[in-house]
Amino acid sequence: MNWQSIDETVWGPILTEIEDSELASSVKRVYPGTREYEAVVQLRYRGLAETGFIDTGRMKPACMRLQRDFDSVILAAFDGEVCMATLTLNTVTSHHPGLAMELEKKASIRHPHFRSRKTLEFTKFVIEPAYRNTRIGLYMYEVSAIISRMLDKPHFWQVGRDDERDVFVRSRAGFDYSGNFRFTDVSLNNMVSRIGYMHFPGVLSNGNVSRVFRRMFETVLSIPEAELCRHQLLEHTA
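Yeah, the sequence shown ends on 242 if you go by my numbering, and it's all consecutive.
Written out as structure tokens, the structure reads:
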């Protein structure tokens with residue numbers, strides 16, 4: 005089991021054991037070229053237009069079909085035909101020897117884990133407005149945390165607009181912005197963006213994390229290594 009093969013057949017049984025929720029079990033991996041991927045593209049576009057990253061007069065939904073998607077883990081959750089939420093995870097691979105914010109947006113910062121293969125980059129996180137009062141966003145992060153543990157990628161990076169309200173929400177989810185890493189995103193409407201970092205195993209020492217995220221992180225971090233290995237073996241022998 006690796007970056008290319010991990011999907012809901014691996015994290016699904018683990019999530020079912022720790023979350024008694026059909027909503028949680030709806031999180032799946034989506035691949036380019038599928039009908040589900042087209043729904044992800046549309047939701048990405050609406051979400052980035054809402055936050056001002058996209059000028060809808062100049063840019064069309066096709067701009068959200070990314071070449072890197074073929075080398076990413078795209079998470080999505082569906083309610084019938086409706087894409088409730090999506091989150092894309094990137095990592096350093098042989099095809100992409102850096103994070104998207106570095107290779108595509110030319111962001112550059114000094115940090116020992118910025119180019120590490122043990123990173124997960126959180127990007128294109130959008131929740132359909134009708135589902136923002138559900139726990140689907142939390143479950144997206146929970147799946148990401150499980151992936152982090154199973155693939156040994158404990159260093160999380162995230163980039164979003166430099167808006168204090170947005171930064172506050174993301175900091176409640178565990179990201180640290182004390183480094184004040186900022187850059188102008190020329191590729192997305194010249195928006196000033198801010199980079200956040202999280203060392204997942206150390207997130208519980210972060211006093212800014214909300215109670216609901218703290219409980220979720222505690223649960224994922226408490227899963228025994230033997231249990232993770234058991235699920236990896238089950239996937240390998242299936």
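All C-beta atoms in this analysis are idealised placements derived from N, C-alpha and C, irrespective of residue type, glycine included.
| query | Pairing CB atoms from the segment 50-62 with CB atoms from the segment 95-106, are three or more of them under 8 Å? | reply | no
| Segments assigned beta strand (DSSP E), at least 3 residues, entirely inside the segment 7-85 | 31-34, 77-83
| query | Run through DSSP, which three-state label would Ala242 get? | reply | Below a pLDDT of 50, predicted positions are generally treated as unreliable, and Ala242, at 48, falls in that range; the measurement from the model is reported next regardless. Reduced to three states, the DSSP call for Ala242 is coil.
| query | How would you write the range of the beta strand (DSSP E) that Val168 sits in, first residue to last? | reply | The question names Val, but residue 168 is Glu in the sequence shown. Counting along the chain, Glu168 falls outside any beta strand (DSSP E), though it belongs to the alpha helix (DSSP H) covering 168-176.
| message | Considering just the uninterrupted stretch of the alpha helix (DSSP H) at Glu125, what are its terminal residues? | response | Here Glu125 belongs to no alpha helix (DSSP H); instead the beta strand (DSSP E) covers 123-131.
| DSSP beta-bridge partners for Asp189? | Met195
| Anyone know if the C-beta pair for His235 and Ile58 falls short of 7 Å? | no
| Among Ala134, Ile113, Lys32, which residue has its Cα nearest to the Cα of Val14? | Lys32
| field | Same chain, Cβ closer than 7 Å to Thr20, neighbours up to 5 away in sequence not counted | value | Ser29
| task | On a CA-only basis, which of Trp161, Ile150, Glu125, Asp180 is nearest Ser209? Give me that one, please. | result | Asp180
| At what residues does the beta strand (DSSP E) containing Phe160 begin and finish? | 159-165
| task | Could you work out which residue in His117, Val171, Gly211, Gln46 is closest to Val196 when comparing CA atoms only? | result | Val171
| Euclidean distance between Cα positions of Lys110 and Asn137 | 35 Å
| request: Pull up the DSSP beta-bridge partners for His203, would you. | output: His159
| message | Tell me the rounded alpha-carbon separation between Asn6 and Phe185. | response | 31 Å
| Chain-order list of residues whose beta-carbon lies under 6 Å from that of Leu91 (same chain, five-residue window excluded) | Leu79, Phe129, Met144
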